[in-house]
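Undergrad:
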Amino acid sequence: QRGGLGIDSQQSNRVVATKWLNIGDNVTKYNEYGKYLNLLLASPTP
1487 QRGGLGIDSQ QSNRVVATKW LNIGDNVTKY NEYGKYLNLL LASPTP
């Protein structure tokens, strides 16, 4: 059973790591969007 628990914990750790990677990816996209908005707002309107 200990071996089974070890596998379970590895799988759950992988799931958590994947979730954090997804969050990081979303934050990166959000930051890129924010940079674009800042450039848009900073540029003088014609």
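Residue numbering for the sequence shown follows the working numbering, beginning at 1487 and increasing consecutively. Note that CB positions come from ideal geometry on N, CA and C, so glycine has one too.
Between the alpha carbons of Ser1485 and Asp1511, how many angstroms are there, rounded?
TA: The requested residue 1485 does not occur in the structure, where the chain is confined to residues 1487 to 1532.
Undergrad: Output the distance between the C-alpha atoms of Leu1527 and Tyr1516, rounded to the nearest integer angstrom.
TA: Start at 1 with the first residue of the sequence shown, and residue 1527 comes out as number 41. Start at 1 with the first residue of the sequence shown, and residue 1516 comes out as number 30. Whole-angstrom Cα-Cα distance: 16 Å.
Undergrad: Kindly indicate which three-state DSSP category Ser1529 falls into: helix, strand or coil?
TA: For this step, residue 1529 is matched to residue 43 along the sequence shown. Residue state, collapsed to three classes: coil.
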